[in-house]
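Asker: In the numbering used here, the protein residues as written are 86 to 327. Glycine is no exception: its CB is placed at the ideal position from the N, C-alpha and C atoms. Pasting a structure here, questions to come.
In structure tokens form, the structure reads like this:
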């Protein structure tokens with residue numbers, strides 16, 4: 086245990102001396118991962134899906150606030166959806182507009198949460214984000230977690246459609262828009278995860294605020310168990326595979 090405390094002290098000292106460099110490296114890596122995931126999943130426009138574009142955008146984001154990474158990621162998604170279909174682009178843009186209205190009003194400083202949530206899904210560790218938020222942030226952070234979850238499932242649907250599926254005619258476009266909305270916002274798996282995140286969050290948040298020994302550890306364990314139980318029971322009840 087003593088060695089762990091010594092190591093932690095040295096790491097904190099090292100970070101304190103070079104915090105600016107570590108922060109910039111972190112921002113670059115986060116931006117690069119974000120743009121790469123977007124391009125690999127919905128890279129409809131080949132020129133925008135180039136690694137050079139991802140690298141250039143990441144360098145720009147390195148020297149700007151993290152909120153800029155969120156904005157550029159949104160723009161990149163919209164560019165790809167426009168290449169796929171005008172109808173898909175219109176719905177995606179509207180969804181982002183609604184999310185930004187809530188996001189800017191309620192959680193303007195939680196850009197990290199919005200970025201990390203889809204990445205956590207891609208890495209198969211989605212519960213990590215709400216657990217971390219419950220330990221650090223207030224319940225309003227659930228808005229950012231929910232937005233990130235919706236973005237992930239939007240990309241999940243988009244990567245299944247073909248860039249060659251451009252529609253012609255108003256009826257075809259309306260049918261495409263209707264299918265898109267249904268596939269994303271009637272996705273039982275997505276809503277199950279959001280409910281599990283909310284329940285797990287409040288369990289951890291409530292316990293870690295109590296005057297108990299090891300309250301944070303108890304909260305993490307209880308919240309993790311709740312997430313697993315809710316997800317498992319919901320999967321059986323709704324017939325979805327999580």
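1. Which residue comes first and which comes last in the alpha helix (DSSP H) that contains residue 302?
2. In chain order, which alpha helix (DSSP H) runs of at least 4 residues are fully inside the region 101-189?
3. I'd like the list of long-range same chain contacts for residue 260, defined as Cβ closer than 7 Å, with 5 residues on each side in sequence excluded.
4. At a cut of 8 Å, does the region 217-230 reach the region 191-206 through at least three beta carbon pairs?
5. Going straight from the alpha carbon of residue 164 to that of residue 123, what length do you get?
6. Taking just the CA atoms, how far does residue 265 sit from residue 295?
7. On a CA-only basis, which of 199, 292, 303, 283 is nearest residue 312? Give me that one, please.
8. Look up residue 212 in the DSSP assignment and say whether it is helix, strand or coil.
9. With DSSP collapsed to three states, give me the class of residue 295.
10. Between the region 148-159 and the region 128-137, are three or more C-beta pairs nearer than 8 Å?
11. How many Å lie between residue 269 and residue 213 at the Cα?
12. In three-state DSSP terms, what is residue 86?
13. Could you tell me whether the Cβ atoms of residue 227 and residue 286 are closer together than 9 Å?
14. Is residue 327 buried or exposed, if buried means 16 or more other CB atoms sit within 10 Å of its CB?
15. Using three-state DSSP, classify residue 234 as helix, strand or coil.
16. Rounding to the nearest angstrom, what Cα-Cα distance links residue 230 and residue 245 in this structure?
17. Using the Cα positions of residue 237 and residue 200, report the straight-line distance between them to the nearest angstrom.
18. Of the residues 130, 292, 243, 232, which one's Cα is nearest the Cα of residue 309?
19. Alpha carbon to alpha carbon, how far is residue 204 from residue 304?
20. Please return the same chain residues whose Cβ sits closer than 6 Å to the Cβ of residue 239, not counting the five positions on each side in sequence.
21. Tell me, to the nearest whole angstrom, how far the beta carbon of residue 166 is from that of residue 116; I am working on the premise that it is less than 8 Å.
Answerer: To lay it out plainly:
1. Here the question's residue 302 lines up with position 217 in the chain shown. Looking at the DSSP string, the run of the alpha helix (DSSP H) that includes residue 302 is 300-323.
2. 104-127, 136-147, 151-169
3. As a first step, residue 260 must be located in the chain shown, where it is residue number 175. There are no such residues.
4. Yes, they touch.
5. Within the chain shown, residue 164 is the residue found at index 79, counting from 1. Within the chain shown, residue 123 is the residue found at index 38, counting from 1. Cα to Cα, the separation comes out at about 11 Å.
6. For this step, residue 295 is matched to residue 210 along the chain shown. For this step, residue 265 is matched to residue 180 along the chain shown. A direct Cα-Cα distance of roughly 44 Å separates residue 295 from residue 265.
7. Counting from 1 along the chain shown, the entry for residue 312 is found at position 227. Answer by Cα proximity: 283.
8. Looking up residue 212 in the chain shown gives position 127. DSSP places residue 212 in coil when its eight states are reduced to three.
9. Sequence index remark: in the chain shown, residue 295 carries index 210 (1-based). Coil at residue 295, not helix or strand.
10. no
11. Your numbering for residue 269 matches position 184 in the chain shown. Your numbering for residue 213 matches position 128 in the chain shown. Approximately 22 Å, taken between the alpha carbons.
12. Working through the chain shown from its first residue, we reach residue 86 at position 1. Here residue 86 scores only 48 on pLDDT, less than 50, and its place in the model is too uncertain to base an answer on.
13. The count along the chain shown starts at 1 and reaches residue 227 at position 142. The count along the chain shown starts at 1 and reaches residue 286 at position 201. Yes. Within cutoff.
14. Taking the first residue of the chain shown as 1, we reach residue 327 at position 242. Counting Cβ neighbours within 10 Å, residue 327 comes out exposed, since fewer than 16 surround it.
15. Counting from 1 along the chain shown, the entry for residue 234 is found at position 149. It is helical.
16. Looking up residue 230 in the chain shown gives position 145. Looking up residue 245 in the chain shown gives position 160. One C-alpha to the other measures close to 23 Å.
17. Your numbering for residue 237 matches position 152 in the chain shown. Your numbering for residue 200 matches position 115 in the chain shown. Their backbone Cα atoms lie some 10 Å apart in a straight line.
18. Here residue 309 is taken as the residue at index 224 of the chain shown, counted from 1. Of the candidates 130, 292, 243, 232, the one whose C-alpha sits nearest the C-alpha of residue 309 is 292.
19. Taking the chain shown and counting its residues from 1, the one referred to as residue 204 is at position 119. Taking the chain shown and counting its residues from 1, the one referred to as residue 304 is at position 219. Distance between the alpha carbons of residue 204 and residue 304: 24 Å.
20. If you number the chain shown from 1, residue 239 lands on position 154. Excluding residues up to 5 positions away in sequence, 269 lie with their Cβ nearer than 6 Å to the Cβ of residue 239 in the same chain.
21. The residue labelled residue 166 in the question sits at position 81 within the chain shown. The residue labelled residue 116 in the question sits at position 31 within the chain shown. Not a contact, Cβ separation roughly 20 Å.
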